[in-house]
Amino acid sequence: MTGPALASRSLSRLADGLAVEASAQEPLAPKTSLRVGGAAELFVRPRTPDAVVALLRRAREAGQPLHVLGGGANTLAGDGGIPGLTLKLPADLFAEEHQALEDGGLVTLGAGAAIVRLVNQMRVRGLVGAEFLAGIPGTLGGALAMNAGTKQGECVQVLDAVELATPDGVGWVARSELAISYRHTALPPHAVALRVRFRLRQGDVEASRAAMDADLAYRKRTQPLNQPNCGSVFQNPPGDFAGRLIESVGLKGHTLGGARISELHANWIVNLGDAAARDVAGLIALAQARVHEASGIRLVPEVQRVGVFT
Ligand SMILES: Cc1cc2nc3c(=O)[nH]c(=O)nc-3n(C[C@H](O)[C@H](O)[C@H](O)COP(=O)(O)OP(=O)(O)OC[C@H]3O[C@@H](n4cnc5c(N)ncnc54)[C@H](O)[C@@H]3O)c2cc1C
C-alpha cells in the first residue's frame, strides 16, 4: 500500500493478498482528461482477471462502492474524490487476439487497452468498419460502456461480445444480450468489462484510411484539443445539437472559476489550467438551466459525474 494517507482499514484490507497494485488517496486529476477532481480513496490496479473477481466479491461483501475508471476521457471526478474502491484495468492485462473469418475478422482486446489499439489492429489486419473510433481517446472498456461514436457510427455496430467480470465469476456476453442505446450500454451491476471482441470486415482499406485522416483533420479544426476537456459534455437532444442550443443562449465562452465553455465548440468545457470540478459542474448546471428556460429542452450530460462534489 502506498499513498500519502491510508484509506480506512476495512477498505484497504479489500486488496490484501491479491495480485493487485493498490494505493490510498490517489489523485484523480492526472488520470482524467479534464484534469480536475480529488483523490480515489483506494485506487487498485489488478494484475489478473481472478483479482478483479475477488475485488468485486470483497467490495460487495463489505458494502463498499466500486467505480471503474478507464482512460478518464469522459469522467468528471468530484473535488471531494471517489469514496471506496476505484479500479483501473492495466492496458496489457490481455494479449490481442485475431480470428480470421471468410469476410473479415474477430479482434479481441483487453478493455483496459486504448481505443487506438483497435484502430491499429484494423490497419495491421487490413480490415475496416471502426473508422469512427479513430479520433476518440480513452479505453475500449470506456468505449463499450459509453457506446462511443460519432455521426459516422457507434461502438455497438462493430461490437461482437464482451467478457464481463462480476462478483460471481467471468463470462462472455453476446452483443444481442446487452441493452445498448445512444452513448450508453447497460452493463449488469458490479460488472467490469475485461475484454471486448469486435467484428470487422474486409473492405476498401484506402477509403478507410482516408476517412480516418479526414476525421482527425476535422477534429483539429473544430475541437479545442489543446486544452484539457472531456469531449462533448452533453448528449445531443433528438433532432438538435447541444452546442447550438448552448450557443443560442449566449454561453459560448462563458467562464466560471478556471473552467470555460469553449469558444470553439459550445458543447465542450475546457480547463483553463486551475479549474476545480465544481467550476465544471457549475457550467453544466448553468447551461442546463438557461437552455431549459429558453427552449424547454433538458440537456442530458454525456460526461460521467463520479464521486463527491463540494
Ligand atoms: C478530446 C476528446 C474527444 C472525444 N470525442 C468523442 C467522440 O467523438 N465520441 C464519443 O462518443 N466520445 C468522445 N469522447 C469521450 C470519450 O473519449 C469516450 O466516451 C470514451 O469512450 C471514454 O473512454 P474512457 O476509457 O476514457 O472512459 P472513462 O471516462 O474512464 O469512463 C467512462 C464510463 O465508462 C465506464 N467504464 C470504463 N471502463 C470500463 C470497464 N472496463 N468496464 C465497465 N465500465 C467501464 C466508467 O465506469 C464510466 O462510467 C471524447 C473525449 C475527449 C477528451
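Residue numbers (this note's numbering): 3 to 312. Positions of the beta carbon are idealized from the N, C-alpha and C atoms, including for glycine. Note that this is a predicted model, so its numbers are computed, not measured.
{"Item": "Which runs of the beta strand (DSSP E), 3 residues or longer, sit entirely within the region 9 to 96?", "Value": "22 to 29, 41 to 48, 68 to 70, 77 to 79, 84 to 89"}
{"Item": "Let me know the beta strand (DSSP E) ranges lying completely inside the region 148 to 226, each 3 residues or longer, listed in chain order.", "Value": "161 to 168, 171 to 176, 181 to 183, 186 to 188, 194 to 203"}
{"Item": "Hey, how far is the Cα of P6 from the Cα of R37?", "Value": "Residue placement at P6 cannot be trusted, given a pLDDT of 44 that sits under 50; what the coordinates show is reported in the next sentence. Whole-angstrom Cα-Cα distance: 20 angstroms."}
{"Item": "Output the boundary residues of the beta strand (DSSP E) element that contains G260.", "Value": "Premise fails: G260 is in no beta strand (DSSP E) and is neither H nor E."}
{"Item": "Count the other CB atoms within 10 Å of the CB of T4; is the residue buried (16 or more) or exposed (fewer)?", "Value": "Residue placement at T4 is flagged as unreliable, the pLDDT there being 49, under the threshold of 50; the coordinate-derived value follows with that caveat. That one is exposed."}
{"Item": "Does DSSP put F236 in a helix, a strand or coil?", "Value": "strand"}
{"Item": "Rank H69, L146, T152, G106 by C-alpha distance to the C-alpha of P85 and give the top, closest one.", "Value": "H69"}
{"Item": "Indicate whether the contact test is met: 3 or more Cβ pairs, each with one atom in the region 8 to 25 and one in the region 43 to 56, closer than 8 angstroms.", "Value": "yes"}
{"Item": "So, with DSSP's three-state summary, where would you put R246?", "Value": "helix"}
{"Item": "Under three-state DSSP, which class holds Q123?", "Value": "helix"}
{"Item": "Quick one: grab the DSSP three-state call for P6.", "Value": "For P6, the pLDDT reaches just 44, beneath the cut-off of 50, and the residue's location in the model is therefore unreliable, although a value from the coordinates is still provided. P6 falls in the coil class under three-state DSSP."}
{"Item": "Inspect the CB distances between the region 219 to 229 and the region 165 to 175 and report whether three or more fall short of 8 angstroms.", "Value": "no"}
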